[in-house]
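Adding 15 to a residue's 1-based position in the sequence shown gives its number in the working numbering. Glycine included, C-beta positions come from ideal geometry on N, C-alpha and C. Down below is the structure, laid out as structure tokens.
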Amino acid sequence: MMRLLFLIGLLSTMPGALAEPVRLIFDTDMGNDVDDLIALCMIHSLQKRGACELLAVTITKDHPQAAAFVDAVNTFYGYPDTPIGVVRGGAAREAGKFNLLADKRNADGSFRYPHDLMSGDQAPEAVELIKSILSRQADGSVVVVQVGFFTNLARLLDDAEARALVAKKVSRLSLMGGAFQTVNADTRYLEYNVKVDIPAAQKLARDWPTPMVWSGYEIGIAASFPHTVIEEDLNYTAHHPLKDAYYLYNPPPHDRPTWDPTSVLYAVMPERGYFELSPRGIVTVESDGATLFRPTKDDKDRHRFLTMRPEQAARVREAVVQLSVEPARVTK
Ligand SMILES: [Ca+2]
Ligand SMILES: [Ca+2]
């Protein structure tokens, strides 16, 4: 018995041993920019090695193909049953440039990227899905990653039961939004995710009950994704959704900023020194969508934003590259 206890003690002190996967809910505006897809590919690679478990994907882009495309990507990576929820009456109703890949067919009529969720119309509403997922999780065990508009998470706060579940079950929110350092000499850069649904962003910044770590516009810009990777590293399979989508969105030689991937990297690997954190403080969202950070002395204040030294930016870029191109499966 003593020997067994010793062994358990030893194992639990080994770095990474028996580590629980980070349980993620990924809230995305899939289809508006290809960096959401880079982020989802990373999550699947991390999931395959046990670093995280994707509990659900919820979508803030209000177009029916977004959910179908997310299901196609999840299926491509071997996770066909990941729950998907969608916004109703949300923003960004245009089709976007690459969600149409969900409907793309081979010469024989089969789907290029198989999936069984054909449309967001068949998916549950996001707030209800998040509530039901959270209700089944251990307290403080869920990390939420938000890389699109603030609509779904702000609506969670309108529902007293959902809000209580967030406070109880969610440990932190890692989100891409806003700008916290000067961008092209502009100190009030109006970032897209905030600008599209400003009232929701104001509400979330004010009322979300857990710690929030913001990846500002400047972070993804400083660690842009090298386009050569798209051309050279995804050819292990005849068709790859990331390669197809990148070409449809903005083809090489364009280097896409890694806005959304940085929020995933921090969410799953917060202790690896990829980023530094600002002091604690409060982010407020102004009526035009500007995000202002005010440091405070109060330890209870729950907002921080990511910062990155140049050598960290180089490491972040390479981590995003290697995690997003890791093969979905062994192909022969
Ligand atoms: Ca499915
Ligand atoms: Ca996004």
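| Query | Result |
| --- | --- |
| Cutoff 7 Å; reference ASP270; Cβ partners in own chain excluding five residues on either side | SER239, PHE240, PRO241 and HIS242 |
| Inter-residue Cα distance where the pair is ALA211 and PRO98 | It is Val, not Ala, that sits at residue 211 in the sequence shown. Cα to Cα, the separation comes out at about 25 Å. |
| Anticipated Cβ contact below 8 Å, THR273 with ILE53, distance rounded | 7 Å |
| Residues with C-beta closer than 7 Å to any heavy atom of ligand 2, in chain order | THR43, ASP44, ASN47, ASP48, ASP50, ASP51, VAL162, GLY163, MET191, ASN208, TRP274 and ASP275 |
| Pick from GLN217, PHE195 and PRO226 that is closest to LEU321, judged by C-alpha positions | PHE195 |
| Own chain, CB closer than 7 Å to GLU333, minus 5 neighbours either side, in chain order | none |
| 3-residue-minimum beta strand (DSSP E) runs that sit fully inside the stretch 134-161, ordered along the chain | 157-161 |
| With 16 other Cβ atoms within 10 Å as the buried cut-off, status of GLY93 | exposed |
| Reduced DSSP category for TRP229 - H, G, I as helix; E, B as strand; rest coil | strand |
| Sequence-distant residues of its chain with Cβ nearer than 7 Å to ILE58 (five each side left out) | LEU39, PHE41, CYS67, LEU69 and VAL279 |
| Member of LYS112, ALA107 and VAL101 whose CA lies at the smallest distance from the CA of TYR264 | LYS112 |
| Buried/exposed call for ARG187, threshold 16 Cβ in 10 Å | buried |
| In DSSP terms, what GLY11 is bridged to | Since the first and last residues shown for the chain are 16 and 347, residue 11 lies out of range. |
| Selection from THR197, ALA87, ALA141 and ASP44 that minimises the alpha carbon distance to ARG127 | ALA87 |
| Environment of ASN250 [buried if 16+ CB atoms lie within 10 Å] | exposed |
| C-alpha distance - GLN217 paired with ASN121, whole-angstrom precision | 45 Å |
| Whether ALA215 touches ALA138 by CB criterion (8 Å) | no |
| Bridge-paired residues (DSSP) for GLY65 | None, per the DSSP bridge assignment. |
| Uninterrupted beta strand (DSSP E) stretches inside the stretch 55-115 (no shorter than 3 residues) | 67-76 and 99-106 |
| Cβ-based neighbour list, THR346, same chain, cut-off 8 Å, excluding 5 preceding and 5 following | Note that THR346 has pLDDT 46, beneath the 50 cutoff, so the model's placement of it is unreliable and no number is given. |
| Spatial distance of GLY105 from PHE164 (CA atoms) | 9 Å |
| Quiz: which residues have CB nearer than 7 Å to ligand 1 non-hydrogen atoms | ASP86, ASN89, THR90, PRO95, ASP96, HIS130, ASP131 and LEU132 |
| Inter-residue spacing [alpha-carbon to alpha-carbon] between LYS258 and ILE245 | 6 Å |
| According to DSSP, residues forming a beta bridge with ASP222 | In DSSP, ASP222 forms no bridge with anything. |
| Test item: CB-CB of TRP229 and VAL181 under 8 Å | no |
| C-alpha gap between ALA305 and TYR232, whole angstroms | 12 Å |
| Backbone CA spacing between GLU176 and ILE213 [nearest angstrom] | 24 Å |
| Range of the contiguous alpha helix (DSSP H) that encloses THR243 | 243-247 |
| For ARG203, three-class secondary structure by DSSP | coil |
| Minimum Cβ-Cβ distance from PRO268 to chain C less than 8 Å | Considering every chain present, this structure includes no chain C. It has just one protein chain. |
| Near ligand 4: ASP42 beta-carbon under 7 Å from a heavy atom | Looking for ligand 4 in the displayed structure turns up nothing; the ligands present are ligand 1 and ligand 2. |
| Per DSSP, the bridge partner or partners of THR43 | ILE74 |
| Paired residues, beta bridge with LEU338 - DSSP | Partner(s): none; LEU338 has no beta bridge. |
| Through-space distance from ASP316 to ARG309, alpha-carbon basis | 10 Å |
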